[in-house]
Amino acid sequence: MKKSSIILFIIFVLIFSACIENQFSNASVNLASGYQLYERNCSNCHQKDGSGFARLYPPLLNSDYILNNPNMVDSIIKHGQKGSIKVNGVEYNLAMPAYTKLSQHEVNQIAYYVLIKFNKLDSLLMEK
Ligand code: HEC
């Protein structure tokens, strides 16, 4: 009796950890869905290529702001961003809305897309 519940427990742990690993690797490599989510939610302002728009919307492409705060991309998406900030030497001061309806998974997809495609921060993500 005891032995079989230990075996069941081990099987459970194995299945569970396989699921976690699977979810994580999907999240980190699924740039296609990151692209779609980015286009739908962000490209209006930041443009499809991430270059930003005039002095209104800052660039996400090769942004020194992102390079200095790579972990903030996630929270900027979830909570928005306002107040004066400097990106690549230019000052921006408009409010970006919070994306409260996106799931954490969707936020991750977009953040990975922005970090990898626009800022070549693959190595940073691999270390995680
Ligand atoms: C309505 C226009 C608008 C939309 C849509 C928008 N943003 Fe922004 N975003 C801004 C503005 C304006 C700022 C600068 C805010 C400030 O001045 O503090 C900004 C700043 C940022 C920054 C930090 C500055 C930089 O350029 O590195 C990041 C990262 C960012 N946005 C990512 C996103 C992502 C990802 C999405 C989609 C989920 C998105 N934004 C959607 C307007 C927008």
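When the letters of the sequence shown are read in order and numbered with my numbering, they come out as residues 359 to 486. Idealized CB from N, CA, C, for every residue including glycine.
- Ligand 1 has no heavy atom closer than 7 Å to the beta-carbon of TYR393.
- Residue range 430-437 is occupied by the alpha helix (DSSP H) that includes ILE435.
- Short note on ASN429: C-beta not closer than 7 Å to any heavy atom of ligand 1.
- For ILE424, there is no enclosing beta strand (DSSP E); the residue is part of the alpha helix (DSSP H) that begins and ends at 422-426.
- The C-alpha of GLN405 lies about 24 Å from the C-alpha of LEU482.
- DSSP places VAL448 in the uninterrupted beta strand (DSSP E) bounded by 448-450.
- Inter-residue distance for LYS478 and TYR471 is about 10 Å (C-alpha atoms, whole angstroms).
- Taking a cut-off of 8 Å on C-beta distances, the region 407-417 touches the region 442-456, as three or more cross pairs fall below it.
- The three-state reading of DSSP puts LYS475 in helix, counting H, G and I together.
- The Cβ atoms of ASN446 and PRO417 sit closer than 8 Å to each other.
- With contacts defined as CB atoms closer than 8 Å, ILE435 and ALA469 qualify as a contacting pair.
- Judged by beta-carbon spacing, CYS403 lies beyond the 8 Å limit of TYR393, meaning their Cβ atoms are not closer than that value.
- Distance from LEU389 to LYS475 at the Cβ level is roughly 7 Å; contact confirmed, criterion being Cβ atoms closer than 8 Å.
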